[in-house]
Structure formats: structure tokens, C-alpha cells
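Participant:
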Amino acid sequence: MKYRIEEYKLKNGIEDISIIFDEKYQLLTTFMSCDVLPFEKWIKSGFDRVLSGKSEYEEVNGNVCCAEISPKTTKVYDNLAEDAMGNWCEVDTKELRQLIDEWCDKVQKFKMSITTKPPTGRLNS
Numbered sequence: 012m013k014y015r016i017e018e019y020k021l022k023n024g025i026e027d028i029s030i031i032f033d034e035k036y037q038l039l040t041t042f043m044s045c046d047v048l049p050f051e052k053w054i055k056s057g058f059d060r061v062l063s064g065k066s067e068y069e070e071v072n073g074n075v076c077c078a079e080i081s082p083k084t085t086k087v088y089d090n091l092a093e094d095a096m097g098n099w100c101e102v103d104t105k106e107l108r109q110l111i112d113e114w115c116d117k118v119q120k121f122k123m124s125i126t127t128k129p130p131t132g133r134l135n136s
């Protein structure tokens with residue numbers, strides 16, 4: 012599963028970060044940004060219950076995607092698809108859980124770095 016993490020700055024000066032997956036796993040870009048970030052603890056706990064053996068199966072539905080988590084693989088579906096099935100992908104559950112940690116850590120560090128930058132503008136006195 013190939014991906015890259017990119018930091019960028021919009022024309023209006025707002026800085027942000029994205030995780031971008033190759034075409035086969037493109038839906039994970041949406042899942043990580045729209046579902047994992049706003050529901051981080053809840054989604055991680057679903058993965059952790061399955062990986063620890065406390066549960067055989069968990070399903071988490073976020074803003075856009077649904078993740079069906081089983082011990083070996085996780086299927087991620089697009090809940091907004093017009094054709095009912097829509098775009099989906101299947102990934103190794105442990106690998107995706109590790110990636111969720113990595114992504115959330117990168118976002119947290121990125122947010123800390125942009126909030127601690129000194130102002131670049133000049134004040135008029």
C-alpha cells in the first residue's frame with residue numbers, strides 16, 4: 012500500500028496536511044481525513060477490540076466511510092456512493108491500525124508546528 016504525506020499552503024495562507032494513497036487505496040485518503048481525524052479515539056478503539064481478541068468484528072461508520080474490521084482484514088466502503096456498493100478497498104487490519112497511529116501523530120505534530128511559528132507580518136505602531 013503506497014502513500015505519501017504532504018504539507019501544503021493555500022493561497023490564503025492556510026497550511027494543511029494530507030495523506031494521499033495510490034489509486035487502488037484512494038478511498039483511504041478520505042477515510043483518514045474525514046473519519047479517522049474527527050473520530051480518532053472511537054475508531055482506534057474499534058480496531059483495538061478486534062486486534063486484542065475482545066471482538067471478532069467491529070463496524071465503524073464515520074462522516075463518509077464505513078470500516079468493517081475483522082482480525083485479518085478491514086474493508087473500507089464509501090457510504091456516500093450512489094450505486095450502493097461504491098468505491099471500496101480491503102487492507103490488512105494490523106497495517107491499517109499502525110497507519111492510523113502514524114497519520115494521527117503526523118497531524119498532531121503538524122498542528123503543533125504551525126501554532127508555534129512566530130508571526131510573519133509586521134505590526135504598525
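Be aware that the sequence shown starts at 12, since it is given in the numbering used here, and climbs by one per residue. Virtual Cβ for every residue (Gly too), placed ideally from N, Cα, C.
1) Excluding the five sequence neighbours on either side, which residues of its own chain have a C-beta within less than 7 Å of the C-beta of Ser136, listed in chain order?
2) Should Val75 and Thr41 be called a contact, given that it needs their Cβ atoms to be closer than 7 Å?
3) May I have the straight-line CA-CA distance separating Trp99 from Asn90, to the nearest angstrom?
4) Note down, in chain order, each residue of its chain lying with its Cβ closer than 7 Å to the Cβ of Asp112, except the 5 sequence neighbours on either side.
5) Near Ile16, which residues of its chain fall below 6 Å by C-beta distance, leaving aside the five closest residues on each side in sequence?
Facilitator: Short version:
1) Residue confidence for Ser136 is low, a pLDDT of 46 falling below 50, so the modelled location carries little weight; the figure read from the coordinates is stated next. There are no such residues.
2) Result yes, Cβ atoms of Val75 and Thr41 sit closer than 7 Å.
3) Per the coordinates, the alpha-carbon of Trp99 lies some 10 Å from the alpha-carbon of Asn90.
4) none
5) Answer for Ile16: Ile30 and Lys117, listed in chain order.
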